[in-house]
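K.L.:
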Amino acid sequence: MDDINIKTKVEGILFAMGDSVSCDRMADAIGCRREDVIEAAEELSREFLRNGRGVRIIKINDSYQMCTAPEIYDTLINLARQPRKLQLTEVLMETLSIIAYRQPVTKAEIEKIRGVSSDHAVSKLVEYDLVCELGRLDAPGRPMLFGTTDSFLKAFGLTSLDDLPVLDPVKVEEFKQEAEEEADVSLSHHFVLLQFPSRS
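Numbering (my numbering), first residue to last: 75 to 274.
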């Protein structure tokens, strides 16, 4: 195996893994000698430094790791401080609407209303800090209960959950029945009132 091919593979491994990877592990994966991996990693390290790349390859004991160049730490800190723009898709808005009005609510209850799996949507809302775990329901299996956060109120210009638009309970029940009868029904048309007003 030529040296360029080994170097390319070592770079790809370190980029994909993120954490430090031992020389032996990389050698086994590539199918080359341990010494070849060390030579390739060291050459990559020199190239990155010489070319002023935004990443570096460092040696940690008997392993190598790709990491951010120290010169751009301040830039990363500034980036982390910037407010993150929430990408709320129609599916996320539907799920968030259900949680907001039915909280505390389980995934099973959300899925019963939506008619489809909501694992990904709930996980995304938790990641965005719009939804959080409130504990477990005192029932068989002890399913997790979910509710909205203070960040949810701030994001939609609300001071409390009492500021949520009032929904007609009869309409909500009709929507729920429709979802149960047709699994692929979309609630986007039914939750028109859930486009929360923006307050400055």
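Positions of the beta carbon are idealized from the N, C-alpha and C atoms, including for glycine.
Remember, it's a predicted structure, so these values are computed and weren't measured experimentally.
(1) Can you confirm whether the stretch 148–156 touches the stretch 103–123 when touching is taken to mean that 3 or more C-beta pairs between the two stretches lie within less than 8 Å?
(2) At which residues does the alpha helix (DSSP H) containing Arg120 begin and terminate?
(3) Just tell me which of Ala90, Ile104, Ala174 has its CA closest to the CA of Gln139.
(4) Can you give the beta carbon distance from Gln177 to Gly221, rounded, assuming they're within the 8 Å contact cut?
(5) Have a look at Glu85, Leu235, Pro214, Glu207 and flag the residue whose alpha-carbon is nearest the alpha-carbon of Arg120.
(6) By the 10 Å Cβ neighbour count, where 16 or more other Cβ atoms means buried, how is Leu150 classified, buried or exposed?
(7) Considering just the uninterrupted stretch of the beta strand (DSSP E) at Phe220, what are its terminal residues?
(8) State the CB to CB distance for the pair Ser96 and Ser137, rounded to an integer number of angstroms; the pair is presumed to be in contact (CB under 8 Å).
(9) I believe Leu204 touches Thr180 by the beta-carbon criterion, under 8 Å. Please report the beta-carbon distance rounded to the nearest angstrom.
(10) Going by other Cβ atoms of all chains shown within 10 Å of its Cβ, with 16 needed for buried, is Ser192 buried or exposed?
(11) Nearest by alpha-carbon distance to Val129: which of Thr233, Ala174, Phe226, Glu145 is it?
(12) Determine the DSSP secondary structure at Tyr147, reduced to helix, strand or coil.
(13) According to the Cβ coordinates, are Leu208 and Pro217 closer than 9 Å?
(14) Alpha carbons only, please: which of Asp102, Glu116, Asp98 is nearest the one belonging to Ile78?
P.N.:
Reading from the atomic positions:
(1) Segments in contact, no.
(2) First-last of the alpha helix (DSSP H) with Arg120: 108–124.
(3) With distances taken between CA atoms, Gln139 lies nearest to Ala90 out of Ala90, Ile104, Ala174.
(4) 4 Å
(5) Nearest C-alpha to Arg120: Glu85.
(6) Counting Cβ neighbours within 10 Å, Leu150 comes out exposed, since fewer than 16 surround it.
(7) Looking at the DSSP string, the run of the beta strand (DSSP E) that includes Phe220 is 218–222.
(8) 5 Å
(9) In fact, because the Cβ distance is near 17 Å, the residues do not count as touching under 8 Å.
(10) buried
(11) Glu145
(12) DSSP places Tyr147 in helix when its eight states are reduced to three.
(13) No, these two residues do not count as a Cβ contact at 9 Å.
(14) Glu116
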